[in-house]
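Asker:
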Amino acid sequence: MKIHKIILSITVLLMLSGCEERFFNLDKEPLNMISGSAIFEDKILVEAYIAQIYHAIPWHYGALNTPANMILVEGMGAEARCYAYWQTPASFPLEVIDENGSGAIDYWPYQNIRYANEFIIGLQESDFEQDYIDQRVAETRFLRAYMYFQMVIRYGGVPLLTEPQDVTASADELNVPRNSEKEIYDFIGSEIDAIIPILPEDSDPGRVDKYTAYALKSQAMMFAASVAEFDGTQQLDGLLGIPSGEADSYWQASLDASNAIITSGKYSLYNKIPDDPAENFQQLFVDESNTEQIFVEVYDPAMGKGHSWNVGAVPFEFRQTWGSNFCPFLNLINEFEYADGTPGALDPALVDAVHLFDIDEVFRNRDPRFLATFFFPEADWQGGKVYFHKRTVVGTDTITSGTLGDAGWPAKAANRNTVNTGFLTRKRMDEGEIGPLRETSDEDYMIYRYGEILLNYAEAAFYLGQTGEAEQKLNMVRERAGMPPVTISEEAIRHERTVELAFEENRYWDLRRWRIAHEVLDGLRTKGLEFTYYFDEDKYDFMYKNGDPSSRTFQQRHYYLPLGVTRVADNPKLDENPDY
1086 MKIHKIILSI TVLLMLSGCE ERFFNLDKEP LNMISGSAIF EDKILVEAYI
1136 AQIYHAIPWH YGALNTPANM ILVEGMGAEA RCYAYWQTPA SFPLEVIDEN
1186 GSGAIDYWPY QNIRYANEFI IGLQESDFEQ DYIDQRVAET RFLRAYMYFQ
1236 MVIRYGGVPL LTEPQDVTAS ADELNVPRNS EKEIYDFIGS EIDAIIPILP
1286 EDSDPGRVDK YTAYALKSQA MMFAASVAEF DGTQQLDGLL GIPSGEADSY
1336 WQASLDASNA IITSGKYSLY NKIPDDPAEN FQQLFVDESN TEQIFVEVYD
1386 PAMGKGHSWN VGAVPFEFRQ TWGSNFCPFL NLINEFEYAD GTPGALDPAL
1436 VDAVHLFDID EVFRNRDPRF LATFFFPEAD WQGGKVYFHK RTVVGTDTIT
1486 SGTLGDAGWP AKAANRNTVN TGFLTRKRMD EGEIGPLRET SDEDYMIYRY
1536 GEILLNYAEA AFYLGQTGEA EQKLNMVRER AGMPPVTISE EAIRHERTVE
1586 LAFEENRYWD LRRWRIAHEV LDGLRTKGLE FTYYFDEDKY DFMYKNGDPS
1636 SRTFQQRHYY LPLGVTRVAD NPKLDENPDY
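In terms of my numbering, the sequence shown is numbered consecutively and its last residue is 1665.
1) Quick check for students: name the residue ranges of the alpha helix (DSSP H) that lie wholly in the stretch 1446-1494, counting only runs of 4 or more.
2) Please name the residue in GLN1215, ASN1344, VAL1222 whose C-alpha comes closest to that of GLU1545.
3) With distances taken Cα to Cα, identify the nearest neighbour of ARG1536 among ILE1347, VAL1237, THR1481.
4) Contact defined as beta carbons within less than 8 Å: I believe MET1232 pairs with PRO1262. What is the distance between those atoms, to the nearest angstrom?
5) Please classify ASN1154: does DSSP put it in a helix, a strand, or coil?
6) When you compare each of LEU1659, GLU1585, ARG1598, LYS1630 to GLY1613 by their alpha carbons, which one comes out closest?
7) What separation, rounded to the nearest whole angstrom, lies between the Cα atoms of PRO1433 and GLN1405?
8) With three or more beta-carbon pairs closer than 8 Å as the criterion, would you say the stretch 1636-1643 touches the stretch 1501-1511?
9) Indicate whether PRO1570 and GLU1576 have their beta-carbon atoms separated by less than 9 Å.
10) Exposed or buried, LYS1658, counting other C-beta atoms within 10 Å across all chains shown (16 or more means buried)?
11) Is the number of C-beta pairs between the stretch 1581-1589 and the stretch 1414-1431 that are closer than 8 Å three or more?
12) Name the one or two DSSP bridge partners that ALA1165 has.
13) Between the Cα of PHE1272 and those of LYS1295, GLU1314, VAL1243, spot the shortest distance and give me the residue it belongs to.
14) Find out if the Cβ-Cβ distance for the pair GLY1490, PHE1616 is shorter than 9 Å.
15) Tell me whether the beta-carbon of ALA1398 lies closer than 9 Å to the beta-carbon of THR1506.
16) Starting from ASN1185, follow the alpha helix (DSSP H) in both directions and report where the run begins and ends.
17) With DSSP as the reference, label ASN1662 as helix, strand or coil.
18) Would you tell me roughly how many angstroms separate the C-alpha atoms of GLU1668 and ASN1356, rounded to the nearest one?
19) Would you mind giving the Cβ-Cβ distance between ILE1269 and ASN1197, rounded to the nearest angstrom? I have them listed as a contact below 8 Å.
20) Indicate whether ALA1566 and PRO1362 have their beta-carbon atoms separated by less than 9 Å.
21) Measuring CB to CB, does GLN1220 end up less than 9 Å from LEU1284?
22) Tell me whether GLU1528 sits in a helix, a strand or coil according to DSSP, three-state version.
23) Bridge partners for VAL1381 per DSSP, in chain order?
24) Using only alpha-carbon positions, find the residue among ARG1652, LEU1648, ASN1662 that is nearest to SER1187.
25) Taking 8 Å as the threshold, find out whether the stretch 1598-1613 comes into contact with the stretch 1160-1178 through three or more Cβ pairs.
26) Beta carbon of PHE1403, beta carbon of PHE1459: below 9 Å?
27) Measuring only the C-alpha atoms, how far is ASN1450 from GLY1326?
28) Identify whether PRO1115 lies in helix, strand or coil by the three-state DSSP scheme.
29) Note down, in chain order, each residue of its chain lying with its Cβ closer than 6 Å to the Cβ of LEU1149, except the 5 sequence neighbours on either side.
30) For the alpha helix (DSSP H) holding LYS1302, just list the boundary residues, first then last.
31) In the DSSP assignment, find the alpha helix (DSSP H) that holds MET1568 and state where it starts and stops.
32) If you drop the 5 nearest sequence neighbours on each side, which residues of the same chain put their C-beta closer than 6 Å to that of ALA1555?
33) Indicate, with yes or no, if the ligand ADP has a heavy atom lying under 8 Å from the CB of ALA1189.
34) Mind checking PHE1455: buried by the 16 CB within 10 Å criterion, or exposed?
35) I'd like to confirm the pairing. Which residues does DSSP put opposite GLY1613 in its beta bridges?
36) Report the residue ranges of all alpha helix (DSSP H) runs contained in full by the stretch 1344-1368; include only those spanning at least 4 residues, in chain order.
Here it is, written out as structure tokens:
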């Protein structure tokens, strides 16, 4: 059994046995009571404590919730929306983020950071063997660094606390100012450097090892480099921004961390089905015994931790409860090239409800990752087909009910497939799950994978002038996908991340760090397609439809989210970000 699942089981048992007060309400106890408690005398309690710090980190959005709360980050990045507008990932991206806070995307985990700080001090004072202490402290320092990373990409500089505050201190002592954005990134980098020699070479899935730490450094230093490279200015007396002259040092740090993973020989691109790149890419996200995953969020419904991705994403005609809930926008569909490497964007002049399209030519003949990422008209699934057309034309007649022909062609697709964008999300789905129920799916979610590291390396190498290395790494990813090589460029790097990492909570943050979100998202009215099937011709006409009911807003101020009036009022030493 995986150690992470053992820890999860221990945590549940301790909660049921009444031990929860000792490690779930630590914010209510002063440090001297924590350090001397039974937690640091029993490894079972130590492991349960660490498990709670892991569990409190939202490694990805909507993991344990209903499908109504999933794809928030994808929604923010205009990759997709949920079926209904009462669902947060559909409604929130259309709201203006203002001085009242950043709503669903907000993250201010200082209680969990306090738990981590208390644990680090308490364990160091324990009587366990030194190797055990060192490894668990290093693991917790990683978790703390990851939390700071999630804050710095949202707010820029934030208060840096590495020791628990004295709960008996005055309000003036407890209110601390923000550290600079650069200081937070530098802290993350130095923490990772300090713990890598201590962390184990290998760990069970869902638990940090040294290559997880390298992956975080690869990512965090890439973000820092981007702030310097694509902005390079500073605000609030240096609290925000990194000077442009420091970009190269961060690119180099990101490249070095990526290279440590690449040269370790422990990881490779998943390629168990090389003759079918589409099926291979599909299986990458459901086959847990693969050499691409570096760090995952572990799911096991038998241990009380399942997720609802499959039940939300399954096409409506194959559903048991939910279904057809994650609807990609046409702007993302258009990013996927044709199989020969030519651009895949539809010609707007032909989307006129007159020109007829052959589905095989326009969709099935795309980058194999397209077939593994989206459901489109007549996509294959579980021995059947997924339909999206709103009507069928036979001769001069338009038919919207019943079936046609010997094969029983539906005159109209299932209702939830005909609304919204005309496409559904297939990526990360397990075709072996028949009519799944909520929170019963067990596919682990990859937080870091080798393909992403290769793209991180390619980007860092490109901006360091190492174009040959950059091109080679980027084309490794394309070759696995069955796509022809490309010449390295900024556009090629950004395109490849959009396609390869779709629906992996990267696009929104990439647009922000590249400082192009205001160009891509502000004023964007997302689109979808409406399909009419012509029975005699076996073709479709396409019409545009709105994917969102209104245009989006992304202003320059939104590159740094607001701390919010409540936090600033509670702590007068916090400077709010500009223009809120």
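Glycine residues also receive a C-beta, built at the ideal position from the N, C-alpha and C atoms.
Answerer: Short version:
1) 1453-1458
2) Looking up residue 1545 in the sequence shown gives position 460. Inspection of the sequence shows that residue 1545 is occupied by Ala rather than by Glu. Ranking GLN1215, ASN1344, VAL1222 by Cα distance to ALA1545 puts ASN1344 first.
3) Counting from 1 along the sequence shown, the entry for residue 1536 is found at position 451. At residue 1536 the sequence reads Gly, which differs from the Arg that was named. Checking every option, the nearest Cα to that of GLY1536 belongs to ILE1347.
4) Here the question's residue 1232 lines up with position 147 in the sequence shown. Here the question's residue 1262 lines up with position 177 in the sequence shown. About 19 Å separates the two Cβ atoms, so there is no contact after all.
5) By 1-based counting over the sequence shown, the position of residue 1154 is 69. If DSSP states are grouped into helix, strand and coil, ASN1154 belongs with the helices.
6) Here residue 1613 is taken as the residue at index 528 of the sequence shown, counted from 1. The candidate whose alpha carbon is nearest that of GLY1613 is LYS1630.
7) In the sequence shown, the residue the question calls residue 1433 occupies position 348. In the sequence shown, the residue the question calls residue 1405 occupies position 320. Between PRO1433 and GLN1405, the C-alpha separation is close to 37 Å.
8) no
9) Taking the sequence shown and counting its residues from 1, the one referred to as residue 1570 is at position 485. Taking the sequence shown and counting its residues from 1, the one referred to as residue 1576 is at position 491. No. Outside cutoff.
10) Here the question's residue 1658 lines up with position 573 in the sequence shown. Exposed is the call here.
11) yes
12) The sequence position of residue 1165 within the sequence shown is 80, counting from 1. According to DSSP, ALA1165 bridges with PRO1413.
13) Position 187 of the sequence shown, counted from the start, is the residue given in the question as residue 1272. Nearest C-alpha to PHE1272: VAL1243.
14) Here residue 1490 is taken as the residue at index 405 of the sequence shown, counted from 1. Here residue 1616 is taken as the residue at index 531 of the sequence shown, counted from 1. Cβ atoms of GLY1490 and PHE1616: not closer than 9 Å.
15) One-based indexing of the sequence shown puts residue 1398 at position 313. One-based indexing of the sequence shown puts residue 1506 at position 421. No, the pair does not count as a contact, with Cβ atoms beyond the cut-off.
16) On the sequence shown, residue 1185 is found 100 positions in, with the first residue counted as 1. Where ASN1185 is concerned, there is no enclosing alpha helix (DSSP H), given that its DSSP letter is neither H nor E.
17) If you number the sequence shown from 1, residue 1662 lands on position 577. It is coil, neither helix nor strand.
18) Here the chain comprises residues numbered 1086 to 1665, so residue 1668 is not present and cannot be evaluated.
19) As a position in the sequence shown, residue 1269 is number 184, starting the count at 1. As a position in the sequence shown, residue 1197 is number 112, starting the count at 1. That belief does not hold up - the Cβ atoms of ILE1269 and ASN1197 are roughly 16 Å apart, past 8 Å.
20) To locate residue 1566, count along the sequence shown from 1; it is residue 481. To locate residue 1362, count along the sequence shown from 1; it is residue 277. Closer than 9 Å, so yes.
21) Numbered from 1 along the sequence shown, position 135 holds the residue referred to as residue 1220. Numbered from 1 along the sequence shown, position 199 holds the residue referred to as residue 1284. Yes, the Cβ-Cβ distance between GLN1220 and LEU1284 is below 9 Å.
22) Within the sequence shown, residue 1528 is the residue found at index 443, counting from 1. Looking at GLU1528 - three-state DSSP - the assignment turns out to be coil, as it is neither helix nor strand.
23) Walking along the sequence shown from the start, residue 1381 turns up at place 296. VAL1381 pairs with MET1531.
24) Taking the sequence shown and counting its residues from 1, one reaches residue 1187 at position 102. The shortest C-alpha separation from SER1187 is found at LEU1648.
25) yes
26) By 1-based counting over the sequence shown, the position of residue 1403 is 318. By 1-based counting over the sequence shown, the position of residue 1459 is 374. No, they are not a contact pair.
27) Stepping through the sequence shown from its first residue, residue 1450 is reached at position 365. Stepping through the sequence shown from its first residue, residue 1326 is reached at position 241. Going by the C-alpha atoms only, they are around 44 Å apart.
28) Walking along the sequence shown from the start, residue 1115 turns up at place 30. The pLDDT assigned to PRO1115 is 44, lower than 50, so where the model puts this residue is not dependable; a value taken from the coordinates is nonetheless given after this. PRO1115 falls in the coil class under three-state DSSP.
29) The residue labelled residue 1149 in the question sits at position 64 within the sequence shown. Confidence at LEU1149 is low in this model, with a pLDDT of 47, below 50, so the placement of that residue is unreliable and no value is reported for it.
30) Taking the sequence shown and counting its residues from 1, one reaches residue 1302 at position 217. First-last of the alpha helix (DSSP H) with LYS1302: 1295-1315.
31) Looking up residue 1568 in the sequence shown gives position 483. Element bounds for MET1568: n/a, residue is neither H nor E.
32) If you number the sequence shown from 1, residue 1555 lands on position 470. Cβ neighbours of ALA1555 beyond the five flanking positions: ALA1543, ALA1546, PHE1547, ILE1573.
33) Annotation note on the ligand ADP: not contained in the displayed structure, which lists no ligands.
34) In the sequence shown, the residue the question calls residue 1455 occupies position 370. With 16 or more other Cβ atoms within 10 Å, it is buried.
35) The residue labelled residue 1613 in the question sits at position 528 within the sequence shown. Per DSSP, LYS1630.
36) none
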